[in-house]
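As structure tokens, the structure follows; a few thoughts come after it.
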Amino acid sequence: MPPELRGSGPIHDSRFTYGPANIVANFNDLHITEARAISTHLPRELRPEGDPRAVQEIVTAIETAGGQIPFSEYMRLALYGRGGYYADGKVAFQQNGSGMGDFETAPEKSFDFSRALVVGVCALWDATGKKPFNLVEVGGGSGRMAKDMLSTFRNEQSEAYSNLEYFINDFDGMKPRQQETIGSSQGAHVGSYALTSGEEGHAQDLAKVTWLDAASETALQELDNGRPTIVVANEVPDAAPADIVSNVDGVLRQKMVAFDGTYFTEQWGELTPEVQDYIERYGVAVPVGQETAISVEALALQQKITHTPGFAAFINIDYGQFGPAFYDTEPWQPAPVSISGASGRPHGQWWTEAPLRTYPRGFHPLQMAGELDITYNPDFNAHRQAAEEEQLRTVFAGTQESFIEVCGMPNSRTMFAIREEIDSFFSEASKRRIDRARELFADRFQVLVVTNLTGVDFETPKPLLSGYDELVKLVGHRS
Ligand SMILES: C[S@@+](CC[C@H](N)C(=O)[O-])C[C@H]1O[C@@H](n2cnc3c(N)ncnc32)[C@H](O)[C@@H]1O
129 MPPELRGSGP IHDSRFTYGP ANIVANFNDL HITEARAIST HLPRELRPEG DPRAVQEIVT
189 AIETAGGQIP FSEYMRLALY GRGGYYADGK VAFQQNGSGM GDFETAPEKS FDFSRALVVG
249 VCALWDATGK KPFNLVEVGG GSGRMAKDML STFRNEQSEA YSNLEYFIND FDGMKPRQQE
309 TIGSSQGAHV GSYALTSGEE GHAQDLAKVT WLDAASETAL QELDNGRPTI VVANEVPDAA
369 PADIVSNVDG VLRQKMVAFD GTYFTEQWGE LTPEVQDYIE RYGVAVPVGQ ETAISVEALA
429 LQQKITHTPG FAAFINIDYG QFGPAFYDTE PWQPAPVSIS GASGRPHGQW WTEAPLRTYP
489 RGFHPLQMAG ELDITYNPDF NAHRQAAEEE QLRTVFAGTQ ESFIEVCGMP NSRTMFAIRE
549 EIDSFFSEAS KRRIDRAREL FADRFQVLVV TNLTGVDFET PKPLLSGYDE LVKLVGHRS
């Protein structure tokens, strides 16, 4: 074992250098990617009756529509309408495993996630002929991935750094926190370059970023600058408005939302033409008695992305599934959600957890409109099919773990072997967490890379990211 690992003391002591110890610290949370982890600490006051602006907009929409709206319309208004959870920038990200936040995503868990993604982007950029390029992040969240990708480009891929302009396409309500995150070392991960960047480095990174308001349908069209455009998105399609479809005694029905004067209520209605079309086009097969979620808008967002001027490639990362039997492999069991008494909303409505989830966990999606995140499991088959129908090539379609492995991370078998080898660095609690997460989430996250470029190879693993070579030597192999 290299001497710098033995006896280098507790991992958190070596904060300001980037070396194996930091990498192991990062791995504590990498591969877990247990997005939207349950948080028991609510980071902010939730208004039990919902955001009044969001509630009002939804009630008006229901009245205007003659008494009911598709669930997707409710979700759109609750997340992206006036006073919406994202539109209003309410979302509370959990950072550095603080336990505080509505949910936690992979870039929030580990700097190395963004570091591996930079390798993936560079593989695509190489195939453009290394021209000046647009790197667009759709759904920038807290700004963490932008911060870590930019500082990684600056430190590890300086040629690409000088050729890129970074764009964040998100709702304006998210912009102030993204600017703050990118422009400072506040809240940087252990080992992250962002910790050692200094004011100048942060200012340089921030100056590379331009915001494009997602509320504008044409924002992505503004990229018409003649450069190739590479797009990345982590956990964005799952936040697209989704519809719930159920097979009720052999007939497919769609969830509609009504208002009884006090509460939002749900009822099964006829399929809208868009939902019907999606079901036929993408082969949605819902077994009798089961429900699933589909999102016409997630595919519309993908299409908006692939129609961006200069579009070259899209790396789409999210939970969800590939596989021909996406809709009927998981026997989703309807389960009653536990509804907080505080809201006074009716208890005991039945709702399937799997097709739809709320964050913070445990609330009914029709509660607290505008205060909660609502998500569904994206159908990666449909995303792939839709992209291929537009003549794009799929150059990667697989699990997140296999993608970051191709991008220079050791896979989890190797990392667990390393973990065994340097057991003393890990607390029992974090080991349990890793094991549990691995069991539960190993294949829950997927990556789809579609492109019109030729010569992109995401099959041959890239060289190990610096620092990992020493760790891999510890176990003598990269399995
Ligand atoms: C679950 S968060 C993920 C944030 C971040 N990518 C991460 O991994 O931590 C979803 C993000 O997508 C944004 N978003 C949702 N729909 C969008 C759309 N149609 N266009 C652009 N951004 C969108 C939200 O505002 C939010 O920042």
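Adding 128 to a residue's 1-based position in the sequence shown gives its number in this note's numbering.
Even for Gly, the Cβ is constructed at its ideal location relative to N, Cα and C.
A quick note: this is a predicted structure, and the numbers were derived from the prediction, not measured.
Judged by beta-carbon spacing, N291 lies beyond the 7 Å limit of V266, meaning their Cβ atoms are not closer than that value.
Checking the 6 Å criterion, the Cβ of M302 is within range of a heavy atom belonging to ligand 1.
Along the stretch 237–278, the beta strand (DSSP E) occurs as fully enclosed runs of 3 or more residues at 261–266, listed in sequence order.
Contiguous beta strand (DSSP E) elements confined to the stretch 395–453 occur at 419–422 and 439–447, taking only those with 3 or more residues. Put simply, the stretch 417–430 touches the stretch 363–371. At least three CB pairs are less than 8 Å apart.
DSSP, reduced to helix, strand and coil, places E533 within a helical segment of the structure shown. Ranked by how close their Cα comes to the Cα of R521, the residues F439, M203 and H317 have F439 in first place. Buried is the label assigned to Q449, since at least 16 other Cβ atoms lie within 10 Å of its Cβ.
DSSP places Q574 in the strand class (E or B) of the three-state scheme.
In terms of CA proximity to Y391, Q184 leads the group Q184, L602 and E173. Under the three-state reduction of DSSP output, P176 falls in the coil class, being neither helix nor strand. For Y410 and Y596, the gap between their C-alpha atoms comes out near 41 Å.
With a cutoff of 6 Å, A367 counts as near ligand 1, since its C-beta is closer than that to a heavy atom of the ligand. F241 is not a Cβ neighbour of H317, given a cutoff of 7 Å. The beta carbon of G397 lies closer than 7 Å to those of Q196, R381, Q382 and M384 in the same chain, with the five residues before and after it left out.
For T527, the enclosing beta strand (DSSP E) has its first and last residue at R521 to T527. For G301, the closest alpha carbon among the candidates G209, E517 and P356 is that of G209.
DSSP places N375 in the uninterrupted beta strand (DSSP E) bounded by D371 to V376.
At a Cβ-Cβ threshold of 7 Å, D230 and E499 do not count as neighbours. The bridge partners DSSP lists for F392 are F387.
Relative to ligand 1, the nearest heavy atom lies less than 6 Å away from the CB of P235. When DSSP states are grouped into helix, strand and coil, F586 belongs to the coil group. Between the C-alpha atoms of R572 and A441 there is a straight-line separation of about 23 Å.
The beta carbon of A361 sits closer than 8 Å to those of E265, V266, G267, I433, F442, I443, N444, I445 and D446, all from its chain and outside the five residues before and after it, given in chain order.
At least 7 Å separates the beta-carbon of F299 from that of Y202. Here V183 carries a helix assignment [DSSP, helix/strand/coil].
Secondary-structure assignment with DSSP links N297 through a beta bridge to V266 and L340.
Taking non-hydrogen atoms of ligand 1 into account, the C-beta of G267 is found less than 6 Å away from one of them.
The alpha carbon of A497 has as its nearest neighbour, out of E419, E191 and D216, the alpha carbon of D216. Distance from the C-beta of L429 to the nearest heavy atom of ligand 1 is below 6 Å. Taking a 10 Å sphere around the C-beta of T588, we find fewer than 16 other C-beta atoms and assign the residue as exposed. When K258, G257, F295 and T256 are compared, the shortest CA-CA separation from K275 is found for F295. Remark: the shortest separation between the CB of Y214 and any heavy atom of ligand 1 falls under 6 Å. Taking the Cβ atoms as the reference, E419 lies roughly 16 Å from P506, outside the contact range of under 8 Å.
Here the alpha carbons of L207 and A182 stand approximately 9 Å from one another.
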